[in-house]
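Note sheet for the following structure.
Residue numbers (the numbering used here): 28 to 157.
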């Protein structure tokens with residue numbers, strides 16, 4: 028599937044909003060919202076994310092909001108200590124285009140095809156909120 032360059036730029040400009048410290052060195056950020064980047068209802072997004080959270084039950088995870096810098100657009104997501112391969116499998120199951128992978132502070136946008144793009148450092152993109 029071809030992904031529009033403006034969508035890729037939006038993915039690369041994503042920030043992560045959390046109220047909890049992140050103690051992982053290698054983890055992924057994944058959501059089940061808006062499959063294939065097509066907007067669906069809040070009800071459907073909540074249902075999909077509850078199903079994803081059940082799939083993550085055996086892994087250490089915490090909620091996070093992923094969105095633009097102004098928080099005009101945000102998706103409920105999860106920070107999860109999981110292998111990259113397992114995260115890609117889940118992304119495919121939940122019809123996502125990509126996930127974020129963080130290793131030793133480096134942030135990567137990883138498409139379900141396996142292609143990766145550097146997105147800078149996670150510390151530049153994480154915002155701690157109350």
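C-beta: ideal position from N, C-alpha, C; glycine also.
Original post:
Which stretch, first to last residue, makes up the beta strand (DSSP E) that contains residue 138?
Top reply: Residue mapping note: residue 138 aligns to position 111 of the chain shown, counting from 1. Segment 133-138, the beta strand (DSSP E) holding residue 138.
**OP:** Can you have a look at residue 104 and say buried or exposed, based on whether 16 or more other CB atoms are within 10 angstroms of its CB?
**Re:** Mapped onto the chain shown, residue 104 falls at position 77. Answer is buried; the Cβ neighbour count reaches 16.
Subject >> Integer-rounded CB distance, given that residue 88 should sit under 8 Å from residue 238 >> reply: There is no way to answer for residue 238, as the model of the chain reaches only from 28 to 157.
**OP:** Note down the Cα distance separating residue 155 from residue 129, rounded to an integer number of angstroms.
**Re:** Walking along the chain shown from the start, residue 155 turns up at place 128. Walking along the chain shown from the start, residue 129 turns up at place 102. Residue 155 and residue 129: Cα-Cα distance of roughly 17 Å.
Original post:
Leaving out five residues before and five after residue 111 in sequence, what residues of the same chain have Cβ atoms less than 6 Å from its Cβ?
Top reply: For the purposes of this step, residue 111 is identified with residue 84 of the chain shown, where counting begins at 1. Excluding residues within five positions, the ones whose Cβ falls inside 6 Å are 128.
Original post:
Helix, strand or coil for residue 59 per DSSP?
Top reply: One-based indexing of the chain shown puts residue 59 at position 32. Coil.
**OP:** In the DSSP assignment, find the unbroken beta strand (DSSP E) run with residue 43 in it and report its ends.
**Re:** Here residue 43 refers to the residue found at position 16 of the chain shown. Residues 42-45.
Original post:
What is the DSSP secondary structure of residue 145, counted as helix, strand or coil?
Top reply: In the chain shown, counting from the first residue as 1, residue 145 sits at position 118. Residue state, collapsed to three classes: strand.
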